[in-house]
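Asker: One structure is given below, represented as structure tokens, and several questions about it will come after.
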Amino acid sequence: MNASVTPEAESAIADISARYGISRDAVLAMLFAVNSGGGTMAQFNIPELGGSGQWMRGGMTMVGDMFDNSLKARVDSLCNELSNLLATIQIFPPAPAGNDAFAGSGAQTSGNWWPADLGIPSSSGAQNDLRYAVFPGTRRLAIQVAGTTRVFDTGDHQISGVQQQQGTGYGSLSFSSQYGTFDVSSLVEPGADQVAGTPVAAPAPDAPAPAAEPVQGAASAPQGASDIVAAIESLADLHRRGILTDEEFAAKKAELLGRL
1 MNASVTPEAE SAIADISARY GISRDAVLAM LFAVNSGGGT MAQFNIPELG
51 GSGQWMRGGM TMVGDMFDNS LKARVDSLCN ELSNLLATIQ IFPPAPAGND
101 AFAGSGAQTS GNWWPADLGI PSSSGAQNDL RYAVFPGTRR LAIQVAGTTR
151 VFDTGDHQIS GVQQQQGTGY GSLSFSSQYG TFDVSSLVEP GADQVAGTPV
201 AAPAPDAPAP AAEPVQGAAS APQGASDIVA AIESLADLHR RGILTDEEFA
251 AKKAELLGRL
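Throughout the sequence shown, residue numbering follows UniProt numbering, covering 1 to 260 in sequence.
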């Protein structure tokens, strides 16, 4: 990989490479992945770091071997360091005037693409022609595909993780919350008369659920291997935060592993 970076960035990459015991190319590949994710997330496929995986700052880290906690911690530490590096020094040389070849290659210089009334996102990221931003303050999720932005009401979801599956479009993104894994097909878009910060009213807690609802919930349970891995990661995060007891986490994890 002969990508051009500034001398200051090259020196930092060499230092990180020596400290983490991985090649300069592996560090540079992860740097590009973190940069493409706006400094807050990364999707990568680096053999020296277990192959394909995903990272989200303050959220979940997924590697090829989901039980290799040492590798997860190593990747998380590396990505956080590279995220800080992107925010503190200039990584890429300025593009020559009139040369659009590298337009948009650095997330450091990109402007806000979401509606201003949504506020400040807790996390955001980008992959190819798809971008997302999560706004817990106004309970909104903004997703842009090929320049078209749509805003969704997240209701009571407290989004803690983001995954992108194969494919394109809004359906390729899935999210993790205290309720498990979901995608935008389960969310609604606010009406024109609804302002940000005024979520769609949820049913009263004691309202009886429709008879078909348990079946629907069962149908939306994770079925594919990647969905099951994401669900386990979400459970692990809840366990770390003390929301799930050791027994509850072990029982649910065993149930999900039985579906692999």
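C-beta atoms are modelled at their ideal positions from N, C-alpha and C, and glycine is treated no differently.
With distance defined between alpha-carbon atoms, name the residue in ALA12, VAL145, ILE22 nearest to ASN84.
Answerer: Working through the sequence shown from its first residue, we reach residue 84 at position 84. Among ALA12, VAL145, ILE22, the Cα nearest to that of ASN84 belongs to ALA12.
Asker: Beta strand (DSSP E) containing THR148: first to last residue?
Answerer: What you label residue 148 is simply residue 148 of the sequence shown in a count that begins at 1. 148-153 is the span of the beta strand (DSSP E), which, as asked, contains THR148.
Asker: Does the Cβ of GLN54 have 16 or more other Cβ atoms within 10 Å, making it buried, or fewer, making it exposed?
Answerer: Looking up residue 54 in the sequence shown gives position 54. That one is buried.
Asker: Look at the alpha carbon of VAL63 and the alpha carbon of GLN164, and state the distance between them as a whole number of angstroms.
Answerer: Stepping through the sequence shown from its first residue, residue 63 is reached at position 63. Stepping through the sequence shown from its first residue, residue 164 is reached at position 164. Roughly 14 Å between the two C-alpha positions.
Asker: When the Cβ atoms of the segment 33-50 are set against those of the segment 75-84, are three or more pairs found closer than 8 Å?
Answerer: At 8 Å Cβ cutoff, the stretches touch.
Asker: Where ILE159 and GLU10 are concerned, what is the direct C-alpha to C-alpha distance, given to the nearest angstrom?
Answerer: By 1-based counting over the sequence shown, the position of residue 159 is 159. By 1-based counting over the sequence shown, the position of residue 10 is 10. In a straight line, the C-alpha of ILE159 is about 35 Å away from that of GLU10.
Asker: Does ALA88 come out as helix, strand or coil in the three-state DSSP assignment?
Answerer: Walking along the sequence shown from the start, residue 88 turns up at place 88. In the sequence as displayed, the identity of residue 88 is Thr instead of Ala. DSSP places THR88 in helix when its eight states are reduced to three.
Asker: Give me the residue from LEU86, THR154, ALA126, SER226 with the minimum Cα distance to LEU118.
Answerer: Numbered from 1 along the sequence shown, position 118 holds the residue referred to as residue 118. Among LEU86, THR154, ALA126, SER226, the Cα nearest to that of LEU118 belongs to THR154.
Asker: If the criterion is Cβ atoms closer than 8 Å, does the pair ARG24 and ALA33 meet it?
Answerer: Position 24 of the sequence shown, counted from the first residue, corresponds to residue 24. Position 33 of the sequence shown, counted from the first residue, corresponds to residue 33. Going by C-beta atoms, ARG24 is not nearer than 8 Å to ALA33.
Asker: Report whether the distance from the Cβ of ALA231 to the nearest heavy atom of the ligand SAH is below 7 Å.
Answerer: Of ligands this structure carries none, so the ligand SAH is not represented either.
Asker: Tell me, please, which residues DSSP counts as bridged to LEU141.
Answerer: Numbered from its first residue, the sequence shown carries residue 141 at position 141. Answer is VAL134, PHE152, bridged to LEU141.
Asker: Could you pull the start and end residues of the alpha helix (DSSP H) that VAL27 belongs to?
Answerer: The sequence position of residue 27 within the sequence shown is 27, counting from 1. Taken as a continuous stretch (DSSP letters only), the alpha helix (DSSP H) holding VAL27 covers 24-36.
Asker: Do VAL151 and GLY169 come within 8 Å of each other at the CB atom, strictly closer than that value?
Answerer: Walking along the sequence shown from the start, residue 169 turns up at place 169. Walking along the sequence shown from the start, residue 151 turns up at place 151. No, Cβ-Cβ distance for GLY169 and VAL151 is not below 8 Å.
Asker: Among LEU49, SER52, GLY39, ASP65, which one has its Cα closest to the Cα of GLY58?
Answerer: Here residue 58 refers to the residue found at position 58 of the sequence shown. Of LEU49, SER52, GLY39, ASP65, the residue nearest in Cα terms is GLY39.
Asker: Indicate whether VAL229 and MET56 have their beta-carbon atoms separated by less than 8 Å.
Answerer: By 1-based counting over the sequence shown, the position of residue 229 is 229. By 1-based counting over the sequence shown, the position of residue 56 is 56. Contact: no.
Asker: Which of the three DSSP states, helix, strand or coil, is assigned to residue 265?
Answerer: Only positions 1 to 260 of the chain appear in the structure, and residue 265 is not among them; the question remains open.
Asker: What are the partner residues of GLN178, as DSSP defines its beta bridges?
Answerer: Taking the first residue of the sequence shown as position 1, residue 178 is located at position 178. Looking at the DSSP assignment, GLN178 forms no beta bridge with any residue, so it has no partner.
Asker: Is the beta carbon of THR149 closer than 8 Å to that of ALA142?
Answerer: The residue labelled residue 142 in the question sits at position 142 within the sequence shown. The residue labelled residue 149 in the question sits at position 149 within the sequence shown. Going by C-beta atoms, ALA142 is nearer than 8 Å to THR149.
Asker: Residue range of the beta strand (DSSP E) that VAL184 falls in?
Answerer: Looking up residue 184 in the sequence shown gives position 184. Run containing VAL184: none; DSSP gives neither H nor E here.
Asker: Closer than 6 Å by C-beta to PRO121: which residues in its own chain qualify, once you throw out the five before and the five after it? Chain order, please.
Answerer: As a first step, residue 121 must be located in the sequence shown, where it is residue number 121. ALA133, VAL134, PHE135, listed in sequence order.
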